[in-house]
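S.K.: In order, the protein sequences belong to chains A and B. Take the position in the first sequence, starting the count at 1, then add 209; the result is the number in my numbering. Take the position in the second sequence, starting the count at 1, then add 9; the result is the number in my numbering. Pasting a structure here, questions to come.
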Amino acid sequence: MDATLLITVVLVVVFALVFDFTNGFHDTANAMATSVATGALKPRTAVVIAGVLNLVGAFLSTEVAKTISSGIIRTDSSGHEMITPALIFAGLVGAIIWNLVTWYFGLPSSSSHALFGGLIGAAILGGGVGAISWSGVVTSIVIPAVLAPIVAGIAALIGTVIVYRMTKQASVPHAKPAFRVAQTVSASLVALAHGTSDAQKTMGVITLTLIAANAQPANTGPQFWVILTCGLAIGLGTAIGGFRIMKTVGTRITPVESPQGFAAESASAATILASSHLGFPLSTTQVVSGSIVGVGLGKRLSEVHWNVAGRIGLGWVFTLPAAAVVGAVAAWVAISSTAGLVIVAIAAVVGVAVIFRLAGRKPVTARNVNEGAPDAAPQTQGALA
Amino acid sequence: MIEIDWSKFAIVAGVVLGATILLTLFCSGGVRLLETAGASSAAARVGAYACFAVCIAAVLFGLWVIVPQFH
């Protein structure tokens with residue numbers, strides 16, 4: 210491996226781990242938002258549990274990593290990847306920038322689709338449209354992206370109806386604590402599912418880079434050190450950040466109570482775990498948002514804040530193409546010369562630093578995460594039906 | 010022409026609906042048994058704990074299915 214290639218591979222590994230960290234930072238909310246909104250878990254406890262389970266989940270199933278390292282980008286006739294480490298690096302930069310911009314605006318867009326978008330944009334620029342396995346993109350990304358939130362939403366809707374029908378005659382003050390316990394378990398499952406899904410995406414990218422650099426045979430899974438570092442990065446990111454988006458997902462889409470939260474999280478965890486097992490790289494954000502809309506529908510239609518749901522929907526539609534454009538621009542600069550590659554690396558570092566500084570001015574912390582949340586205090590006793 | 014294997018999506022949808030219905034049904038059933046019968050009926054309490062046991066077993070089975078080391 211010559212020096213430039215080696216440096217590029219190292220850059221990909223470092224930035225992939227940073228991406229993974231921001232993914233945890235960004236998506237903690239998905240696992241724990243409803244639990245925090247209902248008061249089932251304290252924000253800080255929720256975040257630590259989610260971080261540890263992210264790491265555990267990273268080791269449980271690596272099917273999604275394999276889909277990304279061998280299912281999206283084509284190999285040429287001699288079996289070589291049609292993407293170079295420099296292009297992968299450029300794609301990553303596109304994804305990181307897009308991810309942080311949406312994070313700053315509190316939009317739960319999909320960090321996964323940002324990653325796919327960045328990779329696809331960079332690969333098209335470097336190897337043409339033929340470098341992409343379009344059937345892989347359609348079957349592994351596009352169709353699951355449309356179906357998963359709908360399936361999760363329908364399941365959450367049915368689950369909510371069941372929960373409220375079954376507990377209608379139960380005495381309200383005691384039913385709620387019981388569901389808080391159930392919800393803590395279901396939220397933990399979502400965090401675990403997050404590790405089987407989101408940590409895998411970074412593993413897939415690092416593995417793809419190692420294959421493209423001929424450091425690993427094609428069609429092989431992630432190596433142990435890759436699984437470990439990716440699990441640690443996402444777990445750490447989850448444990449450190451995430452209060453900002455928790456606010457949008459947990460309280461702005463629809464008011465959530467413990468029984469609803471339980472139904473939503475059961476549906477989300479089942480959707481992500483089943484999909485990860487079959488190697489579909491889902492966006493956990495999309496699945497969780499789908500479930501939360503579903504429980505809102507199951508309880509009362511008017512309680513879903515459709516404008517927020519619509520804003521999230523727009524984020525979904527634009528994430529992949531927008532990240533693809535940023536990825537393609539970064540690729541164009543990165544493959545021009547070694548200096549170009551350095552420029553892209555510096556641009557990424559500066560972009561990350563700027564967004565972190567901006568975010569620091571109006572932080573969402575453990576103290577104000579539940580502002581505006583109905584039913585956040587454990588003492589609150591509302592009607593269940 | 011892209012060939013799409015719809016059966017995989019059908020499996021996911023079926024598993025998701027089945028798992029969610031099972032979990033919410035048995036969990037809320039357990040809560041209902043505990044709350045309506047209260048502490049007075051031993052049978053209701055046994056029934057409630059049986060319901061919770063079904064939920065826990067379902068979750069553990071799901072995890073067993075997805076972890077390759079168990080197969």
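Glycine is no exception: its CB is placed at the ideal position from the N, C-alpha and C atoms.
Taking 8 Å as the threshold (C-beta atoms), are L269 of chain A and V76 of chain B in contact?
M.R.: Walking along the second sequence from the start, residue 76 of chain B turns up at place 67. Walking along the first sequence from the start, residue 269 of chain A turns up at place 60. Cβ distance < 8 Å, so V76 of chain B and L269 of chain A count as in contact.
S.K.: Closest Cβ-Cβ distance between C60 of chain B and chain A: below 8 Å?
M.R.: The residue given as residue 60 of chain B occupies position 51 in the second sequence. By this cut-off, C60 of chain B is not an interface position.
S.K.: Check G581 of chain A in the structure and name its three-state DSSP category.
M.R.: Residue mapping note: residue 581 of chain A aligns to position 372 of the first sequence, counting from 1. Below a pLDDT of 50, predicted positions are generally treated as unreliable, and G581 of chain A, at 46, falls in that range; the measurement from the model is reported next regardless. Three-state DSSP puts G581 of chain A in coil, outside helix and strand.
S.K.: Pick helix, strand or coil for V63 of chain B, following the three-state DSSP scheme.
M.R.: Mapped onto the second sequence, residue 63 of chain B falls at position 54. Reduced to three states, the DSSP call for V63 of chain B is helix.
S.K.: At a Cβ threshold of 8 Å, is F388 of chain A touching chain B?
M.R.: As a working note, residue 388 of chain A is residue 179 in the first sequence. Yes - at least one Cβ of chain B is within 8 Å of the one on F388 of chain A.
S.K.: Got a sec? Which residues, its chain only, sit under 7 Å from S492 of chain A by beta carbon, not counting five neighbours each side?
M.R.: Here residue 492 of chain A refers to the residue found at position 283 when the first sequence is read from its first residue. S319, S321, H322, A354.
S.K.: Check whether the Cβ of I367 of chain A lies closer than 8 Å to any Cβ atom in chain B.
M.R.: Here residue 367 of chain A is taken as the residue at index 158 of the first sequence, counted from 1. Chain B contact via Cβ: present.
S.K.: Applying the 10 Å Cβ sphere with the 16-neighbour rule, what's the burial state of N232 of chain A?
M.R.: Numbered from its first residue, the first sequence carries residue 232 of chain A at position 23. That one is buried.
S.K.: Please confirm if L269 of chain A has its CB atom under 8 Å from at least one CB of chain B.
M.R.: The residue you call residue 269 of chain A lines up with position 60 of the first sequence. Closer than 8 Å: yes.
S.K.: Tell me which residues share the same chain as T528 of chain A and place their Cβ nearer than 8 Å to its Cβ, disregarding the 5 neighbours each side in the sequence.
M.R.: The residue you call residue 528 of chain A lines up with position 319 of the first sequence. Closer than 8 Å at the Cβ level, and outside the excluded window around T528 of chain A, lie W307, T311, S318, S319, H322, A323, G326.
S.K.: Which residues does DSSP list as the beta-bridge partners of E290 of chain A?
M.R.: As a working note, residue 290 of chain A is residue 81 in the first sequence. DSSP output for E290 of chain A lists A:T284 as bridge partner(s).
S.K.: Between the alpha carbons of A295 of chain A and A556 of chain A, how many angstroms are there, rounded?
M.R.: Within the first sequence, the letter at position 86 stands for residue 295 of chain A. Within the first sequence, the letter at position 347 stands for residue 556 of chain A. If you take the alpha carbons of A295 of chain A and A556 of chain A, they lie about 15 Å apart.
S.K.: Using a Cβ-Cβ cut-off of 8 Å, state whether I436 of chain A counts as contacting chain B.
M.R.: In the first sequence, the residue the question calls residue 436 of chain A occupies position 227. Chain B, which has no Cβ nearer than 8 Å to the Cβ of I436 of chain A, makes this no.
S.K.: Straight-line CA distance for A472 of chain A to T369 of chain A?
M.R.: Locating residue 472 of chain A in the first sequence gives position 263, counting from the first residue. Locating residue 369 of chain A in the first sequence gives position 160, counting from the first residue. If I take the Cα positions, the gap works out to 6 Å.
S.K.: Compare the C-alpha of V553 of chain A against each of A:A537, A:P530, A:A299, A:I481 and name the closest.
M.R.: Here residue 553 of chain A refers to the residue found at position 344 of the first sequence. Looking at the Cα atoms, A:A299 is the closest of the given residues.
S.K.: Just verifying my parser: in three-state terms, what is the DSSP assignment at I341 of chain A?
M.R.: By one-based count along the first sequence, residue 341 of chain A stands at place 132. I341 of chain A falls in the strand class under three-state DSSP.
S.K.: Taking all protein chains shown into account, decide if E474 of chain A is buried (16 or more other Cβ within 10 angstroms of its Cβ) or exposed.
M.R.: Residue mapping note: residue 474 of chain A aligns to position 265 of the first sequence, counting from 1. When all chains shown are included, E474 of chain A counts as buried.
S.K.: Can you find at least 3 beta carbon pairs, one from the segment 530-540 of chain A and one from the segment 495-502 of chain A, that sit closer than 8 Å?
M.R.: No: fewer than three Cβ pairs fall under 8 Å.
S.K.: Do G615 of chain A and G488 of chain A have their CB atoms nearer than 8 Å?
M.R.: With chain A covering only 210 through 594, there is no way to say anything about residue 615 of chain A.
S.K.: Beta-carbon separation of V388 of chain A and S477 of chain A under 8 Å?
M.R.: To locate residue 388 of chain A, count along the first sequence from 1; it is residue 179. To locate residue 477 of chain A, count along the first sequence from 1; it is residue 268. Reading off the sequence, residue 388 of chain A comes out as Phe, not Val. No, they are not a contact pair.
S.K.: May I have the straight-line CA-CA distance separating D211 of chain A from Q425 of chain A, to the nearest angstrom?
M.R.: Here residue 211 of chain A refers to the residue found at position 2 when the first sequence is read from its first residue. Here residue 425 of chain A refers to the residue found at position 216 when the first sequence is read from its first residue. Answer to the nearest angstrom: the Cα atoms are 16 Å apart.
S.K.: Closer than 8 Å, CB to CB, is S344 of chain A near chain B or not?
M.R.: In the first sequence, counting from the first residue as 1, residue 344 of chain A sits at position 135. For S344 of chain A, the answer is yes, since a Cβ of chain B falls inside 8 Å of its Cβ.
S.K.: Taking C-beta pairs closer than 8 Å, name the residues in chain A that F18 of chain B reaches, listed in chain order.
M.R.: Start at 1 with the first residue of the second sequence, and residue 18 of chain B comes out as number 9. Those within 8 Å of F18 of chain B in chain A are I352, P353, L356.
S.K.: Starting from L491 of chain A, trace the alpha helix (DSSP H) both ways and give me its first and last residue.
M.R.: Here residue 491 of chain A is taken as the residue at index 282 of the first sequence, counted from 1. That residue, L491 of chain A, is in no alpha helix (DSSP H); it is neither H nor E in DSSP.
S.K.: To the nearest angstrom, how far is the alpha carbon of Y313 of chain A from that of F234 of chain A?
M.R.: Taking the first sequence and counting its residues from 1, one reaches residue 313 of chain A at position 104. Taking the first sequence and counting its residues from 1, one reaches residue 234 of chain A at position 25. Approximately 11 Å between the Cα atoms of the pair.
S.K.: Determine the extent of the alpha helix (DSSP H) in which I371 of chain A is found, giving its start and end residues.
M.R.: Here residue 371 of chain A refers to the residue found at position 162 of the first sequence. Note, I371 of chain A: alpha helix (DSSP H), 352-375.
S.K.: Enumerate in chain order the residues of its own chain whose CB-to-CB distance from L398 of chain A is below 6 Å, with the five nearest sequence positions on each side excluded.
M.R.: In the first sequence, counting from the first residue as 1, residue 398 of chain A sits at position 189. Around L398 of chain A: A478.
S.K.: Could you give the first and the last residue of the continuous alpha helix (DSSP H) run that contains Q469 of chain A?
M.R.: What you label residue 469 of chain A is simply residue 260 of the first sequence in a count that begins at 1. From DSSP, the alpha helix (DSSP H) with Q469 of chain A extends over 467-486.
S.K.: Using a Cβ-Cβ cut-off of 6 Å (strictly less than) and excluding sequence neighbours within five positions of F35 of chain B, which residues of its own chain qualify?
M.R.: Taking the second sequence and counting its residues from 1, one reaches residue 35 of chain B at position 26. The answer, listed in chain order, is C60, V63, C64.
S.K.: Just curious, the alpha helix (DSSP H) that P431 of chain A is in, first and last residue?
M.R.: In the first sequence, the residue the question calls residue 431 of chain A occupies position 222. No alpha helix (DSSP H) holds P431 of chain A; DSSP gives it neither H nor E.
S.K.: Work out the CA separation of P386 of chain A and T589 of chain A for me, nearest whole Å.
M.R.: Residue 589 of chain A sits at position 380 when you count from the first residue of the first sequence. Residue 386 of chain A sits at position 177 when you count from the first residue of the first sequence. Note that T589 of chain A has pLDDT 29, beneath the 50 cutoff, so the model's placement of it is unreliable and the number below is only indicative. The straight-line gap from Cα to Cα measures roughly 11 Å.
S.K.: Could you tell me if G440 of chain A is buried or exposed, where buried requires 16 or more neighbouring beta carbons within 10 angstroms of its beta carbon?
M.R.: Position 231 of the first sequence holds residue 440 of chain A. Its Cβ being crowded by 16 or more others within 10 Å, G440 of chain A is buried.
S.K.: At the 8 Å Cβ level, is G591 of chain A part of the contact set with chain B, yes or no?
M.R.: In the first sequence, counting from the first residue as 1, residue 591 of chain A sits at position 382. Note on G591 of chain A: pLDDT 31, under 50, position unreliable in the model; the coordinate value appears next. So no, G591 of chain A is outside the interface.
S.K.: Considering only the alpha carbon of each residue, which of A:L215, A:S244, A:I544, A:T213 lies closest to V390 of chain A?
M.R.: Here residue 390 of chain A refers to the residue found at position 181 of the first sequence. Selected option, being the one with the closest Cα: A:S244.
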